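Numbering (my numbering), first residue to last: 129 to 524.
Set out below in structure tokens:
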């Protein structure tokens, strides 16, 4: 279920200042940015497609620092506008940032803060979320970014409610997306918000992409550990959990192995991974189930047991919430796209007790009774045992 965040009423009440225009979109570019992400808002908002029924935006391409701007691959760009042009925009898009470890230019951050104060909609695509966070625009708000960078964003900006599961998050006047293709999803969402489904659908047809995708980033997450956790004492506990997903253990078990109270463990785990330990554990169990459905002939009941779920019902519920499909439908759709005989059962009955190598992320599946499309999310308490493992409960 989708929820509006607490910031939405305030965002809705903020008026655009007189000198800004709703139809003007400013794209803020920096040197060292990836050219793919940078090109997404330029293509969506900068090309006149009125003949296809897509309302026209006026695009301002702005340099966030002194040029020329060098993109990945060594290309040089010269932006026709500077930071001063942002003062006319009703929407400001930061498509990417060159490094998640370096601070953005203070002049650009000031321009973003002023734009937000004057009612502009601020958008961060992929690592552009780090620029918004550095400007303080994500404080106390839900946000997302590429799943690989989500732990770093959560650790560096602890006041940001980072959700690595979402393709994008719309918090009213501040919006963020996951990586690359999710930037297209968010830009289409902006067109849909401004001009309706018909306009967004017409644009999607021109771009040859789905008008909207269900689900989130879960299907793309791998089982590698975030860089920041590698030297931390919790790394051993996380590694143990991944090795023993076939067993029924709860978060209290992990806290005990870390010699911490549940409250301290929750806090430390979230600061390192950007996720609550309960949600992380559920996600890892679902990923394990996903791999077994792809690579074995185990029944759904057997898969549930080999992934530490208390029952097949628990597996089905979490699987559908994360991947938008039942386990049986997922397996059928996956095998329909694979060559005959490509999926072989695991000959080793104990094979599920060992970590499986990360597989290539499957392409988006046509979900069976897909979950509602989600754009905004707030934390919802999870009842005891909701993870399908005895004794689990939500973080205090």
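From the three backbone atoms N, C-alpha and C, an ideal C-beta is built for every residue, glycine too.
Bear in mind that the values here come from a model prediction, so they are computed numbers and not experimental data.
Exposure of residue i, with buried meaning 16 or more beta-carbon neighbours within 10 Å
i	result
residue 184	exposed
residue 403	buried
residue 231	exposed
residue 448	buried
residue 316	buried
residue 90	In this structure the chain extends from 129 to 524, so residue 90 is not present and cannot be described.
residue 256	buried
residue 453	buried
residue 223	buried
residue 268	exposed
residue 429	exposed
residue 175	exposed
residue 464	exposed
residue 294	buried
residue 441	exposed
residue 178	exposed
residue 192	buried
residue 394	buried
residue 299	buried
residue 432	buried
residue 387	exposed
Distance between beta carbons of residue j and residue i, contact taken as under 8 Å
i	j	result
residue 460	residue 435	Not confirmed; about 19 Å, so no contact.
residue 154	residue 188	4 Å
residue 260	residue 304	7 Å
residue 281	residue 263	13 Å between Cβ atoms; not a contact.
residue 265	residue 244	6 Å
residue 251	residue 170	Rounded, the Cβ-Cβ distance is 13 Å, inconsistent with contact.
residue 385	residue 365	5 Å
residue 330	residue 182	5 Å
Identity of the residue in the options nearest residue i by Cα
i	options	result
residue 362	396, 413, 168, 229	396
residue 333	385, 180, 454, 308	180
residue 337	157, 168, 426, 161	168
residue 290	270, 217, 303	270
residue 450	241, 409, 299	409
residue 205	299, 431, 195	195
residue 220	159, 199, 173	173
residue 86	329, 242, 330, 365	Because residue 86 is not part of the residues shown, which for the chain are 129 to 524, the question remains open.
residue 225	171, 162, 250, 202	162
residue 399	285, 229, 152, 193	285
residue 276	288, 292, 216	292
residue 151	159, 198, 249	249
residue 322	301, 283, 381	301
residue 247	235, 216, 233	216
Same chain, Cβ closer than 8 Å to residue i, five either side skipped, listed in chain order
i	result
residue 146	none
residue 190	154, 155, 156, 157, 207, 209, 210, 211, 213, 214
residue 458	418, 421, 447, 451, 493
residue 186	149, 151, 152, 153
residue 325	339
residue 200	160, 161, 162, 163
Cβ-based neighbour list, residue i, same chain, cut-off 7 Å, excluding 5 preceding and 5 following
i	result
residue 373	412, 413, 416, 435, 436
residue 311	165, 168, 223, 253, 254, 305
residue 307	254, 274
residue 455	417, 421, 428, 431, 443, 444, 447
residue 339	316, 328, 329, 332
residue 383	389, 390, 393
residue 235	211
residue 233	192, 193
Contacts around residue i, its chain only, beta-carbon distance under 6 Å, and the 5 residues preceding and following it disregarded
i	result
residue 149	218
residue 258	225, 228
residue 272	291, 294, 297, 304, 306
residue 288	261, 266, 271
residue 159	197, 198
residue 320	328
Report the start-end ranges of each alpha helix (DSSP H) in the segment 366-448 that is 4 residues or longer and not cut off at the edges.
Taking only runs of at least 4 residues, the alpha helix (DSSP H) segments lying wholly in the segment 366-448 are 379-385, 390-401, 405-423, 428-434.
May I have a chain-ordered list of the alpha helix (DSSP H) segments no shorter than 4 residues that lie completely inside the segment 261-319?
278-284
Taking the runs of the alpha helix (DSSP H) that are 4 residues or longer, which of them lie wholly in the segment 218-261?
234-245
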